[in-house]
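For reference, each letter of the sequence shown is one residue, going 26 to 546 in the working numbering.
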Amino acid sequence: MSSVVVESPDHRFGISGQSGTLVDLLEWRARFAPERVAYTFLVDEETESISLSWGELHRKAQLVAQRLASIGATGKQVVLLYPSDLEYVSAFFGCLYAGAVAVPAYPPRLNRSMHRLQTIVADSQATLALSVSSIRDRIEPLCEQFPNLKPLKWLTTDDLDEDLQDEWRIPSLTGDTPAFLQYTSGSTSQPKGVIVSHGNLLHNQEMIQRAFEQTESSIIVGWLPLYHDMGLIGNVLQTLFVGARCVLMSPAAFLQSPFRWLQAISSFRATTSGGPNFAYDLCVRKVSDDQRGQLDLSSWKVAFNGAEPIRPATLERFAEAFAPCGFKSESFHPCYGLAEATLFVSGKTYREHPRAESFDSLELVKNRAVSAAGKGEDDKLLVSCGAPFRDQKLVIVNPESFMECSADEVGEVWLAGQSVAGGYWNQPEASAYTFHAQLAGDDEETFLRTGDLGFLHDGELYVTGRLKDLIIIRGLNHYPQDIEQTAELSHHSVRPGCGAAFSLEVEGEERLVIVQEVQRN
């Protein structure tokens, strides 16, 4: 049995991967560092902020848990409908404190379809929604129009009675207890709820800590949505695991002004922050020279990049644009992960420069990774996502024969280890297909099929695309992100990051389709 060790200045707290829980950890932090600021949320265009200490978070979680327990929610699924703020954080831990299963979601916007929320509620079998009064008052009347949402009971957490907290009793939990259901994006199918246990989370948190070399002195800045695994697990729960400080802002604040993200990193002397590749591109395009002159990014040690294809050109442009602000290119941390593996799977070793290598693109479409000189028109530069951490086992497999691929052969990424989640909620067939795959000739070990294509080169993972997104034209494999990038670079009037490539069958033949936005002028 492995042991996760969390250090503080004066104490050590060992959590068994089988018996430890996030409830144990938060209760311990509240006992030994109750006044220490844990989470800060930037409001009013980042000129004001509100904060929660470990002790305050513990008390708020107790309040939520007592109310949940009083209405019989222990062991039940509870959907969370909040903005990405501190109420979300308190409600999430309140669910854990009650022994309920949290179902992170987000409130539908006005005049937008409620299809995703309906799907999540129906699939998770949640009968209770946690939210704040303003969102309840807006959404509850709309639920009357939808059969799946009509039975939902609502509990608001911005008006709880503080006198009830002494009635809370710690629930009976183990590392195998489900903590929450992480719903997939549903980009290629209906959203599915990944069952993430306390043990999965603690195992994954240690991998993130080791990869990023996080300590209690770390300061994490995040704008990622808290219903998304990268925002919740990578920012909020990693803060709890290492006892660091986390500064949050809303995703809308970042999208409206990417400068706010970098300004928060500069102001709070953040050591860790990141997001998908597009976030770095957006900063290069939208942050002005005058704004750059106000930034000091020299404290930024880990700039993680994941959740979508990582473009070498993006890393180069960002490093060049913000080098005068103190940003160091070795801070980039390309990584790979997915909800079905809790979050983090692989990443580069801390303090190393990101590794990028050229491969022959004509060979890649034939599923062969052949190193190239890096100067030819047929070369493709790929960024390494590093090697798996701890005891994770990663293999590349032919998705048709289920035979393990040789080195430098493109196949599907399969994974085994303690971070692999428990399957999809209430979907046994999909769970068996995805979470219990076996190599040809081996009926003992099971693997998670990630659905991602890639290869191992010098022991490191290079991701080339999604199996379901693969476009096959005249027998050759093409990745949509490559076609989209080619289209994006074809003319100055094309809007960056605003195109999509896919295929349709026309008269029995696969045909390529490209949809692309252009500049309004």
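Every residue gets a Cβ at the ideal spot worked out from N, C-alpha and C, and that includes glycine.
Helix or strand or just coil, what does DSSP make of residue i?
{"i": "Thr-65", "result": "strand"}
{"i": "Ser-156", "result": "strand"}
{"i": "Phe-484", "result": "Sequence inspection shows Gly at residue 484; the Phe mentioned does not correspond to that position. Here Gly-484 sits in coil by DSSP."}
{"i": "Asp-385", "result": "strand"}
{"i": "Asp-306", "result": "helix"}
{"i": "Ala-130", "result": "strand"}
{"i": "Asp-477", "result": "strand"}
{"i": "Ile-497", "result": "Because the pLDDT of Ile-497 is 47, which lies under 50, any placement of that residue in the model is unreliable, and the number read from its coordinates should be weighed accordingly. Three-state result, Ile-497: strand."}
{"i": "Ala-204", "result": "strand"}
{"i": "Ser-76", "result": "strand"}
{"i": "Arg-393", "result": "strand"}
{"i": "Ala-462", "result": "strand"}
{"i": "Gln-281", "result": "helix"}
{"i": "Val-540", "result": "strand"}
{"i": "Glu-429", "result": "strand"}
{"i": "Asn-502", "result": "Per-residue confidence for Asn-502 stands at a pLDDT of 44, beneath the threshold of 50, marking its modelled position as unreliable; the derived number appears in the next sentence. Reduced to three states, the DSSP call for Asn-502 is strand."}
{"i": "Glu-169", "result": "coil"}
{"i": "Val-312", "result": "coil"}
{"i": "Gly-119", "result": "helix"}
{"i": "Glu-434", "result": "strand"}
{"i": "Gln-239", "result": "coil"}
Could you tell me the distance, in whole angstroms, from the CA atom of residue i to the CA atom of residue j?
{"i": "Val-390", "j": "Glu-429", "result": "19 Å"}
{"i": "Phe-343", "j": "Leu-486", "result": "23 Å"}
{"i": "Asp-49", "j": "Gly-447", "result": "21 Å"}
{"i": "Tyr-122", "j": "Leu-142", "result": "24 Å"}
{"i": "Gly-372", "j": "Phe-384", "result": "20 Å"}
{"i": "Phe-38", "j": "Gly-119", "result": "Confidence at Phe-38 is low in this model, with a pLDDT of 43, below 50, so its placement is unreliable and the value that follows should be read with caution. Looking at the two C-alpha atoms, the distance is approximately 22 Å."}
{"i": "Ile-335", "j": "Val-408", "result": "7 Å"}
{"i": "Phe-9", "j": "Ser-356", "result": "Summary: the structure shown does not reach residue 9, with the chain confined to residues 26 through 546, and so no result is reported for it."}
{"i": "Ser-210", "j": "Pro-216", "result": "6 Å"}
{"i": "Leu-106", "j": "Glu-437", "result": "35 Å"}
{"i": "Asn-260", "j": "Ile-539", "result": "35 Å"}
{"i": "Ala-269", "j": "His-83", "result": "16 Å"}
{"i": "Gly-100", "j": "Val-126", "result": "6 Å"}
{"i": "Val-395", "j": "Glu-377", "result": "24 Å"}
{"i": "Val-219", "j": "Ala-412", "result": "24 Å"}
{"i": "Phe-352", "j": "Ala-90", "result": "43 Å"}
{"i": "Ile-421", "j": "Arg-294", "result": "40 Å"}
{"i": "Leu-180", "j": "Asp-306", "result": "40 Å"}
{"i": "Asp-468", "j": "Glu-333", "result": "33 Å"}
{"i": "Pro-1", "j": "Gln-263", "result": "The question about residue 1 has no answer here: the residues shown for the chain are numbered 26 through 546."}
{"i": "Ala-364", "j": "Ser-76", "result": "28 Å"}
{"i": "Asn-423", "j": "Val-246", "result": "39 Å"}
{"i": "Ser-292", "j": "Leu-320", "result": "8 Å"}
{"i": "Ser-109", "j": "Ala-86", "result": "17 Å"}
{"i": "Tyr-131", "j": "Tyr-252", "result": "7 Å"}
{"i": "Glu-388", "j": "Glu-425", "result": "19 Å"}
Just grab the DSSP bridge partners of residue i for me.
{"i": "Gly-247", "result": "Leu-273"}
{"i": "Cys-360", "result": "Gly-372"}
{"i": "Thr-297", "result": "Ile-245, Val-327"}
{"i": "Thr-181", "result": "Ser-156"}
{"i": "Lys-418", "result": "Ala-441"}
{"i": "Pro-413", "result": "Ser-371"}
{"i": "Glu-333", "result": "Answer by DSSP bridge pairing: none, since Glu-333 is not bridged."}
{"i": "Tyr-252", "result": "Partner(s): none; Tyr-252 has no beta bridge."}
{"i": "Phe-472", "result": "Ala-462"}
{"i": "Val-48", "result": "Val-48 pairs with nothing; no bridge assigned."}
{"i": "Leu-407", "result": "Glu-382"}
{"i": "Arg-491", "result": "Asp-477"}
{"i": "Ser-222", "result": "Pro-203"}
{"i": "Gln-143", "result": "In the DSSP output, where bridge partners are listed per residue, Gln-143 has none listed."}
{"i": "Leu-106", "result": "Ala-130, Ser-156"}
{"i": "Tyr-449", "result": "Val-219"}
Let me see if you follow: with CB-CB separation under 8 Å, is residue i close to chain C or not?
{"i": "His-358", "result": "This model lacks chain C altogether, as it is built from one protein chain only."}
Is the beta carbon of residue i sitting closer than 8 Å to the one on residue j?
{"i": "Ser-149", "j": "Leu-206", "result": "yes"}
{"i": "Thr-367", "j": "Leu-226", "result": "yes"}
{"i": "Thr-296", "j": "Lys-326", "result": "yes"}
{"i": "Val-104", "j": "Val-157", "result": "no"}
{"i": "Gly-300", "j": "His-358", "result": "no"}
{"i": "Arg-56", "j": "Leu-265", "result": "no"}
{"i": "Leu-249", "j": "Pro-276", "result": "yes"}
{"i": "Ile-244", "j": "Phe-369", "result": "no"}
{"i": "Trp-439", "j": "Thr-489", "result": "no"}
{"i": "Gly-466", "j": "Val-435", "result": "no"}
{"i": "His-223", "j": "Ala-204", "result": "yes"}
{"i": "Val-128", "j": "Gln-102", "result": "yes"}
{"i": "His-482", "j": "Asp-433", "result": "yes"}
{"i": "Gly-124", "j": "Pro-196", "result": "yes"}
Cβ-heavy atom distance between residue i and the ligand FAD below 7 Å?
{"i": "Glu-425", "result": "Ligands are entirely absent from the displayed structure, and the ligand FAD is therefore not among its contents."}
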